[in-house]
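S.K.:
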Amino acid sequence: MSGEILEDPTWSPDGARIAYIRAWQNNEGHWVSHIYSVNVDGTAQTQLSSGDVRDWRPGWSPDSARIVFQRLSGTGRDDNGRFVDADRHVVVMDDDGSNQIALTEGGHWEQSPVWSPDGTRIAYVSDLVWLVDSDGKNPRPLLTGGAFWDGGVSWSPDGKRLAFARTEGEGSSIVIVEIHGLIEETVTDAEGWDTMPRWSPDGQQVLFTRQQPDGAQQLYVVDASGRRTPISCKPRGLDDYTAGFPLPAWAAPSTGRVKITVLFMDFPNAQATYTTHTEIQNGFSYMVQYLETMSYRKLNIEVDVVHRWWRAPKNFEAYLGVTVHGAGALFWEASAEAVRLADDSYDFSDTDMFITVFPSEHFGRALAGGRAQADGKTFPGIWMNADVGVDPGIPSPLGLMAAHELVHELGLADLYPWDGNIRGIPDLRPGQRWVHSEIGLMSLEASFASTNPTLDFVAPVEMLAWSRWQLDWLEPSQIQCGIPPGGSVTLQPVAKPGTGTVMAAIPLSRHQIIVIENRRKLGYDAAAPPDHQSGGMPSHGLPEEGVLVYTVDTLTGNGQLPIKIAGEIGTVQYDSFPVLKVGESITLRGYTITITNDTHPTYTINITKTD
Numbered sequence: 048m049s050g051e052i053l054e055d056p057t058w059s060p061d062g063a064r065i066a067y068i069r070a071w072q073n074n075e076g077h078w079v080s081h082i083y084s085v086n087v088d089g090t091a092q093t094q095l096s097s098g099d100v101r102d103w104r105p106g107w108s109p110d111s112a113r114i115v116f117q118r119l120s121g122t123g124r125d126d127n128g129r130f131v132d133a134d135r136h137v138v139v140m141d142d143d144g145s146n147q148i149a150l151t152e153g154g155h156w157e158q159s160p161v162w163s164p165d166g167t168r169i170a171y172v173s174d175l176v177w178l179v180d181s182d183g184k185n186p187r188p189l190l191t192g193g194a195f196w197d198g199g200v201s202w203s204p205d206g207k208r209l210a211f212a213r214t215e216g217e218g219s220s221i222v223i224v225e226i227h228g229l230i231e232e233t234v235t236d237a238e239g240w241d242t243m244p245r246w247s248p249d250g251q252q253v254l255f256t257r258q259q260p261d262g263a264q265q266l267y268v269v270d271a272s273g274r275r276t277p278i279s280c281k282p283r284g285l286d287d288y289t290a291g292f293p294l295p296a297w298a299a300p301s302t303g304r305v306k307i308t309v310l311f312m313d314f315p316n317a318q319a320t321y322t323t324h325t326e327i328q329n330g331f332s333y334m335v336q337y338l339e340t341m342s343y344r345k346l347n348i349e350v351d352v353v354h355r356w357w358r359a360p361k362n363f364e365a366y367l368g369v370t371v372h373g374a375g376a377l378f379w380e381a382s383a384e385a386v387r388l389a390d391d392s393y394d395f396s397d398t399d400m401f402i403t404v405f406p407s408e409h410f411g412r413a414l415a416g417g418r419a420q421a422d423g424k425t426f427p428g429i430w431m432n433a434d435v436g437v438d439p440g441i442p443s444p445l446g447l448m449a450a451h452e453l454v455h456e457l458g459l460a461d462l463y464p465w466d467g468n469i470r471g472i473p474d475l476r477p478g479q480r481w482v483h484s485e486i487g488l489m490s491l492e493a494s495f496a497s498t499n500p501t502l503d504f505v506a507p508v509e510m511l512a513w514s515r516w517q518l519d520w521l522e523p524s525q526i527q528c529g530i531p532p533g534g535s536v537t538l539q540p541v542a543k544p545g546t547g548t549v550m551a552a553i554p555l556s557r558h559q560i561i562v563i564e565n566r567r568k569l570g571y572d573a574a575a576p577p578d579h580q581s582g583g584m585p586s587h588g589l590p591e592e593g594v595l596v597y598t599v600d601t602l603t604g605n606g607q608l609p610i611k612i613a614g615e616i617g618t619v620q621y622d623s624f625p626v627l628k629v630g631e632s633i634t635l636r637g638y639t640i641t642i643t644n645d646t647h648p649t650y651t652i653n654i655t656k657t658d
């Protein structure tokens, strides 16, 4: 064995054995590492894992019967010895090496697993801090983005708190959070990298490693209390499309001037027959009007339409991918190709976003998520007419569809469920039918029972107060955070709030919150937008006025229902349009919300804690 390394020793809780790592270069010159154990007197050295893998960071279960560790593996090695299709995941095995079970294969890389003091759960670091049952069931995120990937995680002796390393600027800090509850405390706050926290036996202090900017490493001990993060109505969200805060670093500006460049591109085997003016009609004018109104004029959109068709160098099949809905579609490479083609003749230096329009006679719908580079900057983009396999069509209005995709590039997540299978369908009473509704621009779904034989679909498209709060379109003074003094708050309509309170919010945890808002038949909720401007989908506006109550879970991802309206009788099903009127109340997560007064256009709401 060449260059053998022994590391990561850890004592079993019963004091009888030590697990450790043995790493070496095999006959092919590839580094491998396996888990070994040995009695504390040096006898009975046993190899517990094997294969072309790199196993390390073993940890014992509290009863000393099992070992958890992280594994790096792949489907083979390349010419440089790197794993092909590499995956880092968490594995559990019995203390003799048998019954090895991979708990978290695939997806994000997972590491630094540690057993809870009661042995029922394992915490680990991925893009977030996660918890999983010790049998691999019920994986769930505990914390939002920012966990340092190699910073480690540690349980408090009583199992009620976790310490981990969070990336902070050019370094990392040690953070302590409650497993159940709202409290989060930053206990170190220095330049450099603070990692690998370990609790004292009494749970009062935390040991950690600090690497200074000059590379020097030292051990420190800190009290297990520090700068407490105030409970606010801006819970941290995912680092991607999010229902929380802050917005992703890659997102376009949500306030001030935003310049959008519009390009057109077709393909050798899918050529445009319409002019660029015919292709877009008046859709982008509607998009601008709508979004500037939703932002209460805090967003100033400038659209520069470059009226010419560029021809891609390849047939459209070269740019295809599969969407989250399983459909074949033109992917971001196609829209980035349009930027490359236009770069020689167009100055992108002040572009904040771009839109690529493909020919509607060959493609349909729209997508977001593209990135392109030109003139020394990177900017996000969306593309219209993206899906293949649709019937050849004529140019259709792009207004609301373009606005929806554009707001994705401001950082917001889809609020409708991508997987239709998660919808349960309760039985209806005789004479009833389901009416599908999509509330707000990001399509918060609510199918409700109705006896109206002509009503099939409604789309009250005034954006949710929560979405506007995320985008910095509401002022802190317009938010009632927590139970108000006396328990009552008067809410202005979200469509025309003036300077009054627009949203009441009740934090439930570090990442869950109840939101209450006033929906009136005002603004874009008053009636259906004209088909020729909005996107061609006939609908009614707000079917009933009232107070909308919903919960937000900022650790739930794009298309996975991060927002749920209160009162559902099935998944996104309701026995009526889900707003509360005067005299009605709902009890939700330990709070009762009652509508006590309707003085048009305001509603007065009373909030009481019930447990």
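Basically this note's numbering = 1-based index in the sequence shown + 47. Ideal Cβ positions, reconstructed from N, Cα and C, are used throughout, including at glycine. Source: prediction; values computed, not measured.
Please name the residue or residues paired with T649 in a DSSP beta bridge.
M.R.: BP columns for T649 point to T646.
S.K.: Give me, in chain order, the residues of the same chain whose beta-carbon lies closer than 7 Å to that of P248; leave out the 5 immediate sequence neighbours on both sides.
M.R.: Counting only Cβ-Cβ distances below 7 Å, and skipping sequence neighbours, we find P204.
S.K.: Take G121 and list the residues in its own chain whose beta-carbon comes closer than 6 Å to its own, dropping the five residues that flank it on each side.
M.R.: For G121, where only same-chain residues beyond five positions count, the Cβ hits under 6 Å are F130, V131, D132 and A133.
S.K.: Report the rounded CA-to-CA distance for G89 versus A66, giving the unit in angstroms.
M.R.: Answer to the nearest angstrom: the Cα atoms are 12 Å apart.
S.K.: Are three or more beta carbon pairs between the region 589-600 and the region 555-568 nearer than 8 Å?
M.R.: Cβ pair count under 8 Å is three or more, so yes.
S.K.: Report yes or no: do the region 497-504 and the region 321-335 share at least 3 C-beta pairs separated by less than 8 Å?
M.R.: Output reads no: the region 321-335 does not touch the region 497-504.
S.K.: Any chance you could list the beta strand (DSSP E) runs of at least 3 consecutive residues sitting entirely within the region 195-227, in chain order?
M.R.: Complete beta strand (DSSP E) runs here, min 3: 200-202, 208-215 and 218-225.
S.K.: For Q94, does the count of other Cβ atoms within 10 angstroms reach 16, so buried, or fall short, so exposed?
M.R.: With fewer than 16 other Cβ atoms within 10 Å, it is exposed.
S.K.: Go to Y343, then tell me how far its beta strand (DSSP E) extends in each direction, as first and last residue.
M.R.: Looking at the DSSP string, Y343 is not in any beta strand (DSSP E), and its letter there is neither H nor E.
S.K.: Tell me the rounded alpha-carbon separation between N644 and G593.
M.R.: Going from the Cα of N644 to the Cα of G593 covers about 11 Å.
S.K.: Can you tell me the Cβ-Cβ gap for M400 and A299, rounded? I've got them flagged as a contact below 8 Å.
M.R.: Confirmed, about 5 Å.
S.K.: Answer with buried or exposed for K158, where buried requires no fewer than 16 other C-beta atoms within 10 angstroms of its C-beta.
M.R.: The question names Lys, but residue 158 is Gln in the sequence shown. Result: buried.
S.K.: Given 8 Å as the limit, is there contact between the region 236-244 and the region 201-221, that is, 3 or more CB pairs closer than that?
M.R.: At 8 Å Cβ cutoff, the stretches touch.
S.K.: Can the beta-carbon of F405 be found less than 8 Å from the beta-carbon of M312?
M.R.: Their beta carbons are under 8 Å apart, which means F405 touches M312 by this criterion.
S.K.: Suppose contacts are defined by Cβ-Cβ distances below 8 Å. Is A413 in contact with A449 by that definition?
M.R.: Against a cut-off of 8 Å, the Cβ pair of A449 and A413 comes out as a contact.
S.K.: Mapping the DSSP letters down to three states, classify M572 as helix, strand or coil.
M.R.: Just to set this straight, residue 572 is Asp in the shown sequence, not Met. Residue state, collapsed to three classes: helix.
S.K.: Return the chain-ordered ranges of every beta strand (DSSP E) run that is complete within the region 444-489 and spans a minimum of 3 residues.
M.R.: Those beta strand (DSSP E) runs which fall completely within the region 444-489 and span 3+ residues are 480-486.
S.K.: Between the region 525-541 and the region 251-268, do three or more beta carbon pairs fall short of 8 Å?
M.R.: They do not touch, by the three-pair rule.
S.K.: Quick one: is L209 buried, meaning 16 or more other Cβ sit within 10 Å of its Cβ, or exposed?
M.R.: Buried, by the Cβ-count rule.
S.K.: State the CB to CB distance for the pair A460 and T289, rounded to an integer number of angstroms; the pair is presumed to be in contact (CB under 8 Å).
M.R.: Rounded, the Cβ-Cβ distance is 6 Å, consistent with contact.
S.K.: For A389, tell me which candidate among I429, G411 and T308 has the shortest Cα-Cα distance.
M.R.: Of the listed residues, the one whose Cα sits closest to A389 is T308.
S.K.: Measuring only the C-alpha atoms, how far is M431 from G617?
M.R.: Spanning the two alpha carbons is a distance of roughly 33 Å.
S.K.: Would you be able to state if there are at least three C-beta pairs under 8 Å between the region 481-489 and the region 510-530?
M.R.: At 8 Å Cβ cutoff, the stretches touch.
S.K.: Might you give, ordered along the chain, the residues of its own chain that have their beta carbon closer than 6 Å to the beta carbon of H451, omitting 5 neighbours on each side?
M.R.: Closer than 6 Å at the Cβ level, and outside the excluded window around H451, lie L488.
S.K.: What do you get for D102, buried or exposed, if any count of 16 or more other CB atoms within 10 angstroms of its CB means buried?
M.R.: Burial call: buried.
S.K.: Can you tell me where the beta strand (DSSP E) holding A376 begins and where it ends?
M.R.: First-last of the beta strand (DSSP E) with A376: G375 to L377.
S.K.: Tell me whether H155 sits in a helix, a strand or coil according to DSSP, three-state version.
M.R.: Of the three classes helix, strand and coil, the one that applies to H155 here is coil, per DSSP.
S.K.: The beta strand (DSSP E) that contains E326, what's its start and end?
M.R.: Run containing E326: none in the beta strand (DSSP E); it sits in the alpha helix (DSSP H), T323 to I327.
S.K.: What is the C-beta distance between T639 and T657, in whole angstroms, given that I count them as a contact (C-beta under 8 Å)?
M.R.: Their Cβ separation, rounded to whole angstroms, is 5 Å, which keeps T639 and T657 in contact under 8 Å.
S.K.: Spatial neighbours of F624 within its chain, please: CB distance less than 6 Å, with the 5 preceding and 5 following residues excluded, ordered by chain position.
M.R.: The residues are F495, P590 and E591.
S.K.: Tell me where the alpha helix (DSSP H) around Q517 begins and ends.
M.R.: A512 to Q517 is the span of the alpha helix (DSSP H), which, as asked, contains Q517.
S.K.: Indicate, with yes or no, if the ligand SAH has a heavy atom lying under 7 Å from the CB of Q147.
M.R.: Ligands are entirely absent from the displayed structure, and the ligand SAH is therefore not among its contents.
S.K.: Who are N565's beta bridge partners in DSSP?
M.R.: According to DSSP, N565 bridges with P540 and V594.
S.K.: Within 10 Å of its beta-carbon, does Q580 have 16 or more other beta-carbons around it, so buried, or fewer, so exposed?
M.R.: Below a pLDDT of 50, predicted positions are generally treated as unreliable, and Q580, at 48, falls in that range; the measurement from the model is reported next regardless. That one is buried.
S.K.: Is the Cβ-Cβ distance between Y337 and L447 less than 8 Å?
M.R.: It is a contact, given that the beta carbons lie within the stated cut-off.
S.K.: Identify the residues that DSSP records as bridge partners of M550: which are they?
M.R.: Partner(s): I526 and E564.
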